[in-house]
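Engineer: Residue numbers (this note's numbering): 7 to 59.
All C-beta atoms, glycine included, are put in the ideal place defined by N, C-alpha and C.
None of the values given here were measured: they were computed from a predicted structure.
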Amino acid sequence: MSARAIGAYVFVLAGWLIASAEAVPLGIAVITALLFYAQGARMIWVEAKENQR
């Protein structure tokens, strides 16, 4: 697994952790989690596209 793929999964995990944190206001947690999920998903998609070549 490449460093980029590991970074993508770290983004997804961070999004999940932020969404599950009770100390963060719900609106901020949801927005931040969605941004982290989107970034992680984009990184995973780019990695998959490069592996197809």
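State yes or no: is the C-beta of Ile24 within less than 8 Å of the C-beta of Ala39?
Structural biologist: Taking the first residue of the sequence shown as position 1, residue 24 is located at position 18. Taking the first residue of the sequence shown as position 1, residue 39 is located at position 33. Yes.
Engineer: Roughly how many angstroms lie between the CA atoms of Ser8 and Glu53, to the nearest whole one?
Structural biologist: As a first step, residue 8 must be located in the sequence shown, where it is residue number 2. As a first step, residue 53 must be located in the sequence shown, where it is residue number 47. Roughly 9 Å between the two C-alpha positions.
Engineer: So, are the CB atoms of Val18 and Tyr43 less than 8 Å apart?
Structural biologist: The residue you call residue 18 lines up with position 12 of the sequence shown. The residue you call residue 43 lines up with position 37 of the sequence shown. Going by C-beta atoms, Val18 is nearer than 8 Å to Tyr43.
Engineer: Cα separation between Ile34 and Gly21?
Structural biologist: By one-based count along the sequence shown, residue 34 stands at place 28. By one-based count along the sequence shown, residue 21 stands at place 15. Rounded to the nearest angstrom, the two C-alpha atoms are 11 Å apart.
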